[in-house]
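Engineer:
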Amino acid sequence: MSDIIQLLPDHVANQIAAGEVVQRPASVVKELLENALDAGSESIQLIVKEAGKILIQVIDDGKGMSVTDARLSFERHATSKIKSAEDLFAINTKGFRGEALASIAAVSHVEMKTKQTQDEVGTYIKIEGSEITTQDVCVTPKGTSISVKNLFYNIPARRNFLKSDAVEMRHIIDEFQRVALAHPSVAFDLHHNGSSLFSLPSSNYRQRIVNILGTKTNERLVPVEEETDIVKISGFVGKPEFAKRTRGEQFFFVNNRYIKSSYLHHSIVSAFEGLLRDKSHPSYFLYLDVDPKTIDINIHPTKTEIKFEDEHTLYAMLKSVVKHSLGQFSVAPVLDFDRDSDLDTPYSYKEKHVSIPKIDVDRNFNPFQDSQPATASKQSRNFQQKPTQSWESLYVGANTEAIEDNFQTSAIEFESDEVTGNLFENETEEHQANSFQIHRKYIVSTIKSGLLVVDQHRAHTRVLYEELLKNITMSSAVSQQLLFPIELQFNANELSLLNELKDSLVQTGFVFEGSQEHTLVVSGIPTIINESNIQDLLQRLLSDLEQEVPGNQFSQNDTLAKSMAKSMAVKAGTVLNVEAQQHLLNQLFACKEPSVTPQNRKVFVTLTSNDLDNKFI
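In structure tokens:
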């Protein structure tokens, strides 16, 4: 039997390794930005075309590379960050694996220009499919410029698995924001298809957060600060009243490296216990400085997960620090039952002067004088009504007898208010016999076969879904113009997502005046929406579509109608009168699919007479 094990060619091995490092254009952005930071850059530019599918270029002003280092950097397992295995336990840099440039070069066309400070000319290298095709000298400023073109050109199947440009661009913005938030002292610029998306100057942590998320974010931040022997915690948390339904403003940074940790996230949520609305997520930007020897960051290819030496202590410290900050800045209500208000020092009295008390004496007061009757009662007793002119004189000459004969006033019956009221009461009693509400959640109605139990929230969701879908697909809905346009705050990712859904939202009845930086102006809303619910409705819509926007128009409209119907539907706990119950039932059974919600959940159940009889056996 012949040998079947063979060594893979270098280009195939590089492509396999690239699968761990380069998953999408955002992965390339992350690796290149981290390399630029490790080079000691003070200003970094990111230029993207067609969401990274055509071009990803990172320009920095770091220390650059020599000719030998420039060529060697594209070899596998080539790195300047570590030299021995012991260095893995004290990592302070980002790209320490030596896989980034080799993996990127295996699936794209790469051009690199680099120059050190002391050199007069730089080095130009062009690579196609892991093979260096050109190496020459060039004129370039200090630092490094790397251009990644035609990503996955040699792996068509991988390129076909990429999402739409809008989705891939959102991933790129996410990676860009994570790196920018971790290093506020470095200036960042992001350009997409020739337009500038972000221009972030060198600043502090708070200003960097405001520059990325909008100016109104400044008033929503609560500072967090604590330093112990184990960890140094700094950063900010958002006020509970500004918590959003969408995720996206939750950031943990350990030694200036962005990480994901559901365990530490739970500690922050526990600190906000009792302060958040239902299904809301708190915003936080927390920076943890720990000893590199106490963490292991080499447990996942993306390096976004970290193994801590003592997670339980870190959990307790985060929870207590955040709670302390919320209480310190009077965000969380504080009740002190041991405090005695009588012991409070009245500091306001120091401004007041001593005055001699005055005594007022009524010299006309006689204790022996009889009390006189009140003037009003005396006048009322002496009052006599003046006789009015006889009214019979007005009808002198009239045939009063004929009038009395023709109109028997005693036989006439007038409809009183009491009778009218009885009519409505009888009607109400008739309606009440047909339907009633249980636990402010279910509507029970009688049918020929037995009882009908309807979930009011699911029923209303079904009704609104079909109405919204009809408005979006068939005709434009009626819009209610607002006297004062509403300005809503969103971050860059949320605004880009809303711009994708703009046409469908306009068909629903929304009218937009335009969008500025982090601000969306709404001048008209559908008639079925209350003005106060616009923010929550759009936040829920973004939450439902945060993963991906459907590609085709019908799926997009369907998802939009589902999300809006669920957020606008009457909630459990709402009291409905008899007329509202009957109206909802009539609307439900006028729908095409009254038995299930748009999410394929049961709307109502029926209890037949046999079912009820069996309950009493």
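Residue 44 is where the sequence shown starts when you use my numbering, and the numbers rise one by one after that.
Heads up, the beta-carbon is just placed ideally off N, CA and C, and yes, glycines get one too.
1) I'd like the list of long-range same chain contacts for Leu544, defined as Cβ closer than 8 angstroms, with 5 residues on each side in sequence excluded.
2) In three-state terms, what does DSSP make of Gly278?
3) Can you list, in chain order, the residues of its chain with a C-beta nearer than 6 angstroms to that of Tyr167? Leave out the 5 residues immediately preceding and following it.
4) Between Tyr330 and Phe296, which are expected to be in contact by the criterion C-beta below 8 angstroms, what is the C-beta distance as a whole number of angstroms?
5) Classify Val648: buried if its beta carbon has 16 or more other beta carbons within 10 angstroms, exposed otherwise.
6) Using only the alpha-carbon positions, how far apart do Glu154 and Ser245 sit?
7) Since Leu264 and Ser310 are thought to touch, with beta carbons under 8 angstroms apart, how far apart are those beta carbons, to the nearest angstrom?
8) Taking the straight line between their C-alpha atoms, what separation do you get for Gly237 and Asn573?
9) Can you tell me whether DSSP reads Ser238 as helix, strand or coil?
10) To the nearest angstrom, report how far apart Arg251 and Ile338 are at their CA atoms.
11) Below 8 angstroms on the Cβ atoms is my contact criterion, and I expect Ala612 with His482 to pass it. Report the Cβ-Cβ distance as a whole number of Å.
12) So what does DSSP say about Leu466, is it helix, strand or coil?
13) Are the CB atoms of Glu77 and Val64 nearer to each other than 9 angstroms?
14) Could you tell me the alpha carbon to alpha carbon distance between Ile490 and Asp601, rounded to whole angstroms?
15) Which class does Phe219 belong to by DSSP, given the choice of helix, strand or coil?
16) Identify which residue in Ile276, Ser305, Ser239 and Gln480 has its Cα closest to the Cα of Asp334.
17) Contact defined as beta carbons within less than 8 angstroms: I believe Tyr358 pairs with Leu307. What is the distance between those atoms, to the nearest angstrom?
18) Assess contact between the region 225-237 and the region 192-207, defined as three or more Cβ pairs (one per stretch) separated by less than 8 angstroms. Is contact present?
19) Grab me the residues of Asn254's own chain with a C-beta within less than 6 angstroms of its C-beta, minus the 5 sequence neighbours each way, in chain order.
20) I'd like to know whether the C-beta atoms of Ala143 and Asn57 end up nearer to each other than 9 angstroms.
21) In whole angstroms, give me the CA-to-CA distance for Leu233 and Asn299.
22) Quick one: is Ile302 buried, meaning 16 or more other Cβ sit within 10 Å of its Cβ, or exposed?
23) With a CB to CB cut of under 7 angstroms and the five nearest residues on each side skipped, what residues in its chain are close to Val364?
24) For the 8 angstroms Cβ check, are there 3 or more pairs between the region 83-96 and the region 110-121?
25) Within the continuous beta strand (DSSP E) that includes Ile90, where are the two ends?
26) Please classify Asp656: does DSSP put it in a helix, a strand, or coil?
27) What residues in its chain sit with their C-beta under 8 angstroms from that of Asn536, if we drop five residues either side in the sequence?
28) Report the three-state DSSP secondary structure of Phe285 (helix, strand or coil).
29) Would Thr177 be called buried (16 or more neighbouring beta carbons within 10 Å of its own) or exposed?
30) Compute the distance between the beta-carbons of Pro528 and Thr551, then report whether it is under 9 angstroms.
31) Is Ala535 helix, strand or coil by DSSP?
32) Check the C-beta distance from Tyr196 over to His235 and give it rounded, since I have them as a contact under 8 angstroms.
33) Taking all protein chains shown into account, do 16 or more other C-beta atoms lie within 10 angstroms of the C-beta of Thr258, making it buried, or fewer, making it exposed?
34) Start and end of the alpha helix (DSSP H) containing Met360?
35) Tell me the start and end of each unbroken alpha helix (DSSP H) in the region 484-550 that is at least 4 residues and wholly inside, in chain order.
36) Shorter than 8 angstroms, the distance from the beta carbon of Lys609 to the closest heavy atom of the ligand GTP, or not?
Structural biologist: This is what the structure holds:
1) Leu584, Leu588, Val592, Gln599 and Leu603
2) strand
3) Lys156, Asp179 and Cys181
4) 5 angstroms
5) Exposed is the call here.
6) 28 angstroms
7) The Cβ separation is near 19 angstroms, so there is no contact.
8) If you take the alpha carbons of Gly237 and Asn573, they lie about 39 angstroms apart.
9) strand
10) 27 angstroms
11) Not confirmed; about 17 angstroms, so no contact.
12) Bear in mind that a pLDDT of 49 at Leu466, under 50, signals an unreliable position, so the model cannot answer this.
13) no
14) Each residue's Cα considered, the two are about 33 angstroms apart.
15) Phe219 sits in a helix when the DSSP states are folded into three classes.
16) Ile276
17) With a contact defined as Cβ atoms closer than 8 angstroms, Tyr358 and Leu307 qualify at about 7 angstroms.
18) no
19) Result list for Asn254: Leu243, in chain order.
20) no
21) Straight-line spacing of the CA atoms in Leu233 and Asn299 works out to 20 angstroms.
22) buried
23) Val267, Glu269 and Ile276
24) no
25) Ser86 to Lys92
26) helix
27) Arg213, Ile216, Asp217 and Gly291
28) helix
29) Within 10 angstroms of the beta-carbon of Thr177 lie fewer than 16 other beta-carbons, which makes it exposed.
30) no
31) helix
32) Your pair Tyr196 and His235 does not check out as a contact, with CB atoms roughly 21 angstroms apart and the cut at 8 angstroms.
33) exposed
34) Glu354 to Gln371
35) 499-516 and 535-543
36) In the structure shown, the ligand GTP is absent, as is every other ligand, since no ligand is present at all.
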